[in-house]
Every structure is written in C-alpha cells, then in structure tokens.
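In the working numbering, the protein residues as written are 12 to 253. So the structure is just underneath, and the comments pick up after that.
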Amino acid sequence: MQKRLAGKTAIVTGASSGIGRAVSVALAKEDAAVVLAARSLEKLKETADMVTKAGGKADVVVTELADENSIKKLVETTNRNFGRLDILVNNAGVTHSAKLEDTKTSDWDRCYYVNARAPFILCREALPLLKKAEAAYIINIASVVGVKGYPLQSAYTASKHALRGMTMSLAEELADSNVRVHLLCPGGVDTDLIKKVRPDIKKDELMQPDEIAELVVYLVTHKGNAVIDELHIRRAASKPWF
Ligand SMILES: NC(=O)c1ccc[n+]([C@@H]2O[C@H](COP(=O)([O-])OP(=O)(O)OC[C@H]3O[C@@H](n4cnc5c(N)ncnc54)[C@H](OP(=O)(O)O)[C@@H]3O)[C@@H](O)[C@H]2O)c1
C-alpha cells in the first residue's frame with residue numbers, strides 16, 4: 012500500500028539529534044524524502060542511515076543556520092536534487108541558561124540567530140518551492156517558553172517568542188494559499204538540550220522525541236477541514252496548561 016508521504020520532500024533542520032532525528036525517521040516511515048540539515052556531518056550520516064532503513068530517501072546537507080548563505084544553499088540543494096519541497100520543519104535550536112544580568116550579548120545573539128532568524132530566512136527562501144506543491148506545510152518547533160516567561164532563560168525565551176510571532180504572522184499571510192503553518196510548543200523532551208537546561212527533571216518523566224515526531228506526522232498527513240494552528244505538549248508529570 013502506498014504510504015502517506017510517498018513522492019513528498021521534506022527539509023528538517025537539527026536533524027543530527029533529538030527531536031529532529033525522530034521527525035526525520037517518522038517522515039521517512041511514510042516514504043518521504045528527507046533533506047537532513049545541521050552542522051555535524053557524522054551525526055547527520057547516522058540519521059541518514061536511520062531514514063534509509065525506515066524506507067525513506069535521505070540527503071545530507073551540512074548547514075550552519077547562523078549563516079544566511081548556508082541556509083540559501085540548503086534550499087538550492089533541495090531544489091536541485093528533488094525539484095520540489097512539501098514540508099519544512101524548522102526544528103534546530105540552541106539554549107542558554109543564565110540570569111539575564113550574566114547573559115552576554117553573544118549568548119543572546121546565538122539564540123536569536125539559530126532559533127528565530129534562521130527559521131525566518133528558511134521560510135522566505137523555501138516559500139517559492141512550497142507554493143508550487145499541491146499541499147505544503149511549515150512546522151516550527153518553539154517551546155513552552157515561547158508562550159510564557161522562564162527564569163534563567165531570557166535569551167532562549169525571547170528567541171522562541173520571536174519565532175512564535177513570526178509563525179503567527181506568516182500563517183495569516185498564507186491563510187488563503189496551499190501552505191499551512193503550524194507551531195509546536197513542547198515541554199521537556201528527552202534530548203541533549205534538556206540535559207543542559209533542566210537536569211533536575213527525572214529522565215523517566217520526560218517526553219520522548221518520537222512522541223513529538225508523531226504529532227508532526229499527524230499535522231502533515233491529516234486531511235479534512237480541521238486545522239490545528241498551535242500545539243502545547245506537556246509532560247504527563249507537569250501541570251495542565253503548563
Ligand atoms: N528537548 C526539549 O525539552 C525541548 C523542549 C521544547 C522545545 N525544544 C526545541 O526542540 C528543538 C530541537 O531540540 P532538541 O531537544 O532535539 O535538541 P538537540 O538534541 O540539542 O538538537 C538540536 C539540533 O539543532 C542543531 N543546531 C544547533 N545549532 C545549529 C546551527 N548553528 N546550525 C545548524 N544546526 C544547529 C543541532 O545540530 P548540530 O549540533 O549538528 O549543528 C541539533 O541537531 C529546538 O528548537 C528546541 O528549542 C526542545
């Protein structure tokens with residue numbers, strides 16, 4: 012039986028680990044071709060093996076998301092190799108944990124460049140291709156901190172609020188087009204990133220990257236009139252509505 016994403020192409024940023032790797036494999040299980048973007052070639056190759064084993068096609072494009080030209084190259088390579096783009100997952104992210112008074116401008120800039128500026132540039136560069144697809148999706152991965160304040164994470168929190176604002180504006184701009192724009196706001200997921208910022212959360216209480224990936228697959232395969240703009244996803248052990 013034909014899988015739901017057969018013939019479709021996706022770009023996933025931050026595909027070298029954590030949520031991005033899980034999303035890449037989940038899309039591949041539905042037969043998508045996945046363009047894997049991040050800085051670490053070795054880890055991207057590991058994801059590529061997993062994607063191929065899951066039944067999808069993988070293309071590795073080493074990308075520095077703080078560099079506009081590198082982002083442009085990612086889209087150009089996708090166009091050259093696949094000639095289409097149906098799904099863009101802006102997932103890559105970096106954190107910084109410190110009191111605001113101890114946060115350097117360079118820490119703030121790093122969070123902003125990777126978490127907010129890169130998704131903006133990638134959306135802009137990818138839209139001409141996405142608009143050619145029958146039905147296209149932009150999935151931006153923000154965070155619980157994208158909808159509230161969070162102590163010791165002002166740089167990260169500000170960057171995720173910026174991503175959310177850009178996502179909401181773009182969704183309005185594209186409301187009458189073939190491109191749907193979604194935002195995911197997860198709480199603690201069991202990846203390298205959470206170990207750095209919330210080592211206090213017990214590992215068995217964290218969500219699994221696969222659980223976030225399942226939701227991405229739902230958003231890009233659901234047919235019908237029901238649309239979910241934004242999903243807040245929390246750990247079962249945390250409080251409802253965060
Ligand atoms: N884990 C959580 O609890 C949690 C909760 C809410 C939201 N999120 C969000 O989920 C997303 C994925 O995070 P994760 O938890 O899966 O973290 P992760 O395992 O640390 O993955 C982060 C990814 O971003 C890539 N990346 C970082 N800087 C980059 C750069 N300058 N250029 C290109 N790629 C870059 C990394 O690849 P390279 O190092 O190879 O470049 C890596 O693949 C992030 O946006 C994060 O904010 C995570």
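From the three backbone atoms N, C-alpha and C, an ideal C-beta is built for every residue, glycine too.
Segment limits, alpha helix (DSSP H) that includes residue i
i    : result
H9   : The question about residue 9 has no answer here: the residues shown for the chain are numbered 12 through 253.
P210 : Counting along the chain, P210 falls outside any alpha helix (DSSP H), and DSSP gives it neither H nor E.
A147 : Not the alpha helix (DSSP H): A147 falls in the beta strand (DSSP E), residues A147 to I152.
D120 : T116 to Y123
T24  : Careful: T24 lies outside any alpha helix (DSSP H), inside the beta strand (DSSP E) at T20 to T24.
V158 : From DSSP, V158 is part of no alpha helix (DSSP H); its letter is neither H nor E.
N92  : E79 to F93
L111 : Here L111 belongs to no alpha helix (DSSP H), and DSSP marks it neither H nor E.
A137 : A129 to L141
Bounding residues of the beta strand (DSSP E) (the contiguous stretch that carries residue i)
i    : result
I244 : E241 to I244
L195 : V190 to P197
L217 : Per DSSP, L217 belongs to no beta strand (DSSP E) and is neither H nor E.
D60  : No beta strand (DSSP E) contains D60, which is instead part of the alpha helix (DSSP H) from L52 to K64.
V36  : Taken as a continuous stretch (DSSP letters only), V36 belongs to no beta strand (DSSP E), being part of the alpha helix (DSSP H) at G29 to K40.
V261 : Look at the range of the chain in this structure, 12 to 253, and you will see that residue 261 is not part of it.
V70  : The amino acid at residue 70 is misidentified as Val; the sequence shows Asp. Here the beta strand (DSSP E) through D70 covers K68 to V73.
L47  : A44 to A49
Exposure label - residue i; buried when at least 16 CB within 10 Å
i    : result
L276 : This structure cannot settle anything about residue 276, because the visible part of the chain is limited to 12 through 253.
L111 : exposed
R135 : exposed
R91  : exposed
I239 : exposed
K213 : exposed
Y229 : exposed
P130 : buried
Q164 : buried
N101 : buried
K19  : buried
A37  : buried
M12  : exposed
V97  : Reading off the sequence shown, one finds Asp at residue 97, where the question assumed Val. Its Cβ being crowded by 16 or more others within 10 Å, D97 is buried.
S160 : Checking the displayed sequence, the identity of residue 160 turns out to be Gly instead of Ser. Under this definition G160 is an exposed residue.
K233 : According to the sequence as given, residue 233 is His; it is not Lys. So H233 ends up on the exposed side.
G235 : exposed
E41  : buried
Beta-carbon separation (whole angstroms), residue i vs residue j, contact threshold 8 angstroms
i    : j    : result
G25  : A49  : 6 angstroms
V86  : A137 : 5 angstroms
V46  : A39  : With 8 angstroms as the limit, V46 and A39 do not qualify as a contact, their Cβ atoms being about 12 angstroms apart.
T114 : A166 : 5 angstroms
G43  : A21  : Looking at the sequence itself, residue 43 is Ala, so the reference to Gly does not match. So it is a contact: roughly 5 angstroms between Cβ atoms.
Short CB-CB distance (under 8 angstroms) between residue i and chain B
i    : result
A169 : Absent here is chain B; the protein component of the structure consists of one chain.
Query - Inter-stretch contact (C-beta, 8 angstroms, three-pair minimum) for the region 196-214 and the region 231-247 - result: yes
Query - the region 215-222 / the region 166-182 touching (three or more Cβ pairs under 8 angstroms) - result: no
Query raised in the report: Counting Cβ pairs, one atom from each stretch, are 3 or more of them under 8 angstroms apart for the region 198-217 and the region 25-34?
Result: yes
Report task. Determine, using beta-carbon pairs with one atom in the region 174-193 and one in the region 150-163, whether at least three such pairs fall under 8 angstroms. Result -> yes
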